[in-house]
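Only one structure is covered here, and it is reproduced in the block below.
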Amino acid sequence: MNILVLNVGSSSVKYSVFKEHKFLFSGLIERVKGKKGYESAIYGILKILDKKKIKIDAIGQRIVHGGEIEASSVIDNKVLGKIKRYAEFAPLHNIPEIEGIDVCRKLFPGVKQVAVFDTAFHQTMPEHSYVYAIPYELYKKHGIRRYGFHGTSHHYVALEASKLLKKKLNQLKIITCHLGNGASVAAINKGKVVDTSMGFTPLEGLVMGTRCGDIDPAIVLYLIKDRKMGVDEVNKILNKESGLLGISGVSSDIRDLIKSKDKRAGLALDVFCYRITKYIGAYAAAMNGVDVVVFTAGVGENAYYLRSRILKNFEYLGLRVDSGKNKRNSSIITKTGSKVIAMVIHTNEELMIAKEVMRVLK
Numbered sequence: 021m022n023i024l025v026l027n028v029g030s031s032s033v034k035y036s037v038f039k040e041h042k043f044l045f046s047g048l049i050e051r052v053k054g055k056k057g058y059e060s061a062i063y064g065i066l067k068i069l070d071k072k073k074i075k076i077d078a079i080g081q082r083i084v085h086g087g088e089i090e091a092s093s094v095i096d097n098k099v100l101g102k103i104k105r106y107a108e109f110a111p112l113h114n115i116p117e118i119e120g121i122d123v124c125r126k127l128f129p130g131v132k133q134v135a136v137f138d139t140a141f142h143q144t145m146p147e148h149s150y151v152y153a154i155p156y157e158l159y160k161k162h163g164i165r166r167y168g169f170h171g172t173s174h175h176y177v178a179l180e181a182s183k184l185l186k187k188k189l190n191q192l193k194i195i196t197c198h199l200g201n202g203a204s205v206a207a208i209n210k211g212k213v214v215d216t217s218m219g220f221t222p223l224e225g226l227v228m229g230t231r232c233g234d235i236d237p238a239i240v241l242y243l244i245k246d247r248k249m250g251v252d253e254v255n256k257i258l259n260k261e262s263g264l265l266g267i268s269g270v271s272s273d274i275r276d277l278i279k280s281k282d283k284r285a286g287l288a289l290d291v292f293c294y295r296i297t298k299y300i301g302a303y304a305a306a307m308n309g310v311d312v313v314v315f316t317a318g319v320g321e322n323a324y325y326l327r328s329r330i331l332k333n334f335e336y337l338g339l340r341v342d343s344g345k346n347k348r349n350s351s352i353i354t355k356t357g358s359k360v361i362a363m364v365i366h367t368n369e370e371l372m373i374a375k376e377v378m379r380v381l382k
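The sequence shown maps to residues 21 to 382 in the working numbering.
Okay, structure coming up:
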């Protein structure tokens, strides 16, 4: 089975091609604008496939917001309708993804498409984890609840951790830390997510590159009412001008902040690490213990200095970091005999999507 995996963004199309689980090649098309832009980009991918004489049997579409859909699904009109409905929660993501689905229906007639949702893996959360303490009717009527994101990545690295440790996923309590420009933590108890840091949107939770993470919601009311800011301006501040960039005034890139001697750059790193530490501690308590802590994504996989800062706070749990292994970004970065194991695992969302396509269609 030849599988085309698509990640259609607001101005780009990332693609990967797999022969079942085997990766063949990938690419990125940037500066994509409007429906014609998406059609041109995906037509370009089709021409590359034709040139390589590869016939696509199935397409995996990464969909950011799937609401309460619990698993990857074949995209029929009913599923597409749900993706369109949840577009109001994540317009910058779902709307381009819908365009991608429509274009693929036109350019790959008869080829089944499978939606793999960033939110699906988190749908095992118990109600007390996902309900906000606002009038319950707002959840039932408008779907305002915690959904969680980066689910495909959290799922992939949890499976890889269990494989590397030669244990079944349902035997482990795992905390996965997806730390990139966007960042989230998930608590996975015996293969099921019991909590995750992102919420109704990917704005909640950890401090991120340009996103604020957890703040007092009254700040939004204050900025609009007392400081006379418009809704779009506040949205821009919280999503594009906050996080590491907002605190430091230097950069949203961890690498720049680590190199910088600016005090605010140091403060940004302190806040970033402290927030992650709080979430790991909370999730260890929520699961009544933890066996494994996994770091993944750009920052999680490479910033050994930050991993060290975060993990030193968990020596009381019997977690002992091996500084040499940590600096080498080894798959296991704790000492032999450590009661809690810390790991560094490279995420591979594209492969996970390809696997999901095969699972759904077979």
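We put the beta carbon where it would ideally sit given N, CA and C, even for glycine. Note that the structure is a prediction, hence the values are computed from the model and not measured.
Please return the same chain residues whose Cβ sits closer than 7 Å to the Cβ of Leu44, not counting the five positions on each side in sequence. Val37, Phe38
Where do the N-terminal and C-terminal ends of the beta strand (DSSP E) with His198 fall, by residue? 193-199
Provide the residue span of the alpha helix (DSSP H) that contains Leu127, from first to last. 111-127
Limits of the alpha helix (DSSP H) - the one that Ala302 falls within: 283-306
Would you check if the region 190-207 and the region 227-240 touch, i.e. whether three or more CB-CB distances between them fall below 8 Å? Contact between the region 227-240 and the region 190-207 is present, because at least three Cβ pairs lie under 8 Å.
According to DSSP, is Gly47 helix, strand or coil? strand
With distances taken between CB atoms, is the gap from Asn346 to Ser358 smaller than 8 Å? no
According to DSSP, Met363 sits in a beta bridge with which residue or residues? Val314, Ile352
Nearest CA to the CA of Asn22: which residue from Arg51, Glu40, Lys98, His366? Glu40
Between the region 56-66 and the region 91-104, do three or more beta carbon pairs fall short of 8 Å? no
Where Gly130 sits in the DSSP three-state scheme: coil
Ordered along the chain, which non-local residues of its own chain (more than five positions away) have a Cβ less than 8 Å from that of Leu66? Leu127, Phe128
DSSP three-state call for Asn333: helix, strand or coil? helix
Run of the alpha helix (DSSP H) containing Arg275, from where it starts to where it stops: 274-279
Which residues DSSP lists as bridging Lys42, in chain order: Lys39
Hey, is the region 167-180 in contact with the region 296-304, meaning 3+ C-beta pairs nearer than 8 Å? No, the region 167-180 is not in contact with the region 296-304.
Helix, strand or coil: how does DSSP classify Arg82 here? strand
Mind checking Ile235: buried by the 16 CB within 10 Å criterion, or exposed? exposed
Report yes if the CB atom of Gly385 is closer than 8 Å to the CB atom of Val213, and no otherwise. Lying before the first or after the last residue shown, residue 385 is absent from the chain, which here runs from 21 to 382.
Cβ neighbours of Glu370 in the same chain (closer than 6 Å, five flanking residues each side left out): Only Val25, Ser36 meet the Cβ criterion.
When DSSP labels each residue in this structure, what does Val52 get in the three-state scheme? coil
Which residues in the same chain have their Cβ closer than 6 Å to the Cβ of Gly86, if we skip the five residues on either side of it in sequence? Taken in chain order, the residues that qualify are Phe137, Thr139, Ala140.
Tell me whether Ser173 is buried or exposed, calling it buried when 16 or more other Cβ atoms sit within 10 Å of its Cβ. buried
Report back the beta-carbon spacing between Val251 and Ile257 to the nearest angstrom; my notes put them in contact at under 8 Å. 11 Å between Cβ atoms; not a contact.
Any C-beta of chain D under 8 Å from that of Lys39: Among the protein chains of the structure shown there is no chain D, as only one such chain exists.
At the level of alpha carbons, what is the spacing between Ser268 and Val227? 12 Å
Can you tell which of Leu223, Thr196, Ile353 has its C-alpha closest to the C-alpha of Val313? Thr196
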